[in-house]
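Each remark here refers to the structure printed beneath this line.
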Ligand code: NI
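Residue numbers (this note's numbering): 15 to 268.
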């Protein structure tokens, strides 16, 4: 089996005690590629440094909607400079998060999202979209940028929205949430999405799949999401792993 974890945050403080150990154990768990998105300029910088140090790890750079309060137009220049690094494969993670009341105001989130979609278009890079309780606005804003392609990560939208994204040429990615007993919507979405548009991810250190739910997540656990996806698509786990690995390589141009 060869696995591609398309979304993991190894720059997170939760990996400070044992980052080296975790990252060096991944090859033995058949994880061959990882993309580490940034959440603000500092974490994007860390992602770039990790990508320099670890051959199997690639970086994305961006302002996460939950972390965008300090955003100023000139901060886009920081991202632009970081995005020129050879192992930066996407702008992300970017998007909208209407779940938490204490998040930055929606107008600011939308502005930061649009500015980064424009940057992705300028740099000809794909985007990694975070959409929490903001499906309608996320979809309508990405449609303002028809030349930009991306992935909706940790997908939580409807089947109809998934079909529309596929129609627009987008990818859709699933975390360990797919293994949860109440994952009805995600299950229906996976069943409706063509195999060549699916990717798997962990969103480490969050979102551990069953049977590790509640524990800190790492990329080795992406196999559980891949196995569940295989079951839903009527494929063998090896075949699903190969397809999602190739999808990820094609999408991130690795
Ligand atoms: Ni994430």
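Using N, Cα and C, we set each Cβ at its ideal position, and we do this for glycine too. Computed from a predicted structure; not experimentally measured.
Cβ of residue i within 8 Å of any heavy atom in the ligand NI?
i           : result
residue 107 : yes
residue 169 : no
residue 217 : yes
residue 85  : no
residue 144 : yes
residue 23  : yes
residue 72  : no
residue 238 : no
residue 113 : no
residue 259 : no
residue 194 : no
In the DSSP output, which residue or residues are listed as bridge partners for residue i?
i           : result
residue 146 : 111
residue 50  : 73
residue 37  : Bridge partners of residue 37: none, in fact.
residue 167 : 144
residue 187 : 213
residue 127 : Per DSSP, none; premise fails for residue 127.
residue 5   : Lying before the first or after the last residue shown, residue 5 is absent from the chain, which here runs from 15 to 268.
residue 105 : 75 and 141
Return the Cβ separation of residue i and residue j in integer angstroms, given the expectation that the two are a contact with Cβ distance under 8 Å.
i           : j           : result
residue 75  : residue 97  : 5 Å
residue 133 : residue 93  : 6 Å
residue 273 : residue 265 : Since the first and last residues shown for the chain are 15 and 268, residue 273 lies out of range.
residue 146 : residue 113 : 5 Å
residue 205 : residue 246 : 6 Å
residue 109 : residue 144 : 4 Å
residue 17  : residue 227 : That belief does not hold up - the Cβ atoms of residue 17 and residue 227 are roughly 19 Å apart, past 8 Å.
Would you say the beta carbon of residue i is closer than 8 Å to some non-hydrogen atom of the ligand FAD?
i          : result
residue 51 : You won't find the ligand FAD in this model; what it holds is the ligand NI.
Alpha carbons only, please: which of the options is nearest the one belonging to residue i?
i           : options               : result
residue 139 : 161, 151 and 118      : 161
residue 216 : 203, 83, 193 and 204  : 193
residue 48  : 55, 67 and 54         : 67
residue 187 : 229, 195 and 208      : 208
residue 34  : 16, 178, 53 and 71    : 71
residue 131 : 95, 107 and 117       : 107
residue 25  : 58, 38, 263 and 184   : 58
residue 119 : 39, 174, 230 and 85   : 85
residue 189 : 268, 79 and 224       : 224
residue 166 : 137, 253, 211 and 135 : 211
Would you mind listing the beta strand (DSSP E) stretches within the stretch 195-237 that are 3+ residues and don't spill past its ends, in chain order?
List check, beta strand (DSSP E) in window: 212-214.
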